[in-house]
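The structure appears below as C-alpha cells.
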Amino acid sequence: MKFKYFEQFNLPLQLGPLVLHAPDGNVFLMNLTPVEPLGHTISLVCIQPEATDSRFGCSMVFSCFTGHHQISTLDVVRSSSLSDGMPKDFFCVVPKSRGIAIFLRTTIDNELVYDDEDELEDEDDDDESYDEDEDEEEDSDDA
C-alpha cells in the first residue's frame, strides 16, 4: 500500500504483515498479531539494509465503540533489516470489539533532519546590525 508522509490513511484491522511504501522509496512493515484475551498488537519498522537512526514517527487513532477514540504515538520508528525475523515488540494494543469494524487511522511522518552543527551555526548568526554598546547607552540614559 502506498502512503504520503503527514497524511492520514485508513487501514483495516487485519491480522498479519502489511507492506507500506513511502513516496521517497522507504518501505515500512506493519504487523498485527493477536494477543489473547486483549485483542491485537501492532508493530511498525522501517526496512533498511542496516539499522540506522530513525527519522520517522507514527500515530494511530482508532475507535472500538461509539464515543471512544484512542490515539497511540510511536515517536521513533526503528529500522530493521528483518534478518532477526519479524519484530517482537509493539507500540499499540487494539482491544477486541464486538460487531464493529475497526479502522486504524494512521499517519507516518519523517522528521526534518539536521545535525547539531547546523543548530549551532543558526545560533551564531546574530544580527550584525545590532550594537550592544548603543543598547547599554540607552539604559544608562534612562536611569
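Residues in the sequence shown are numbered consecutively from 9, following our numbering. All C-beta atoms in this analysis are idealised placements derived from N, C-alpha and C, irrespective of residue type, glycine included.
(request) Select from 61, 101, 29 the residue whose C-alpha is nearest the C-alpha of residue 49. (result) 101
(request) Find the nearest neighbour of residue 14 within the set 39, 67, 54, judged by alpha-carbon distance. (result) 67
(message) Are the CB atoms of residue 91 and residue 60 within a distance shorter than 8 angstroms?
(response) no
(message) I need the straight-line Cα distance from residue 94 to residue 53, nearest angstrom please.
(response) 9 angstroms
(message) Looking at residue 113: is its Cβ nearer than 8 angstroms to the Cβ of residue 69?
(response) yes
(request) Using beta-carbon positions only, say whether residue 37 and residue 45 come within less than 8 angstroms of one another. (result) no
(message) In this structure, how does DSSP classify residue 40 when only helix, strand and coil are distinguished?
(response) strand
(message) I'd like to know whether the C-beta atoms of residue 18 and residue 64 end up nearer to each other than 8 angstroms.
(response) no
(message) Please state the DSSP three-state secondary structure of residue 78.
(response) strand
(request) Give the straight-line distance between the Cα atoms of residue 27 and residue 9, rounded to the nearest whole angstrom. (result) 6 angstroms
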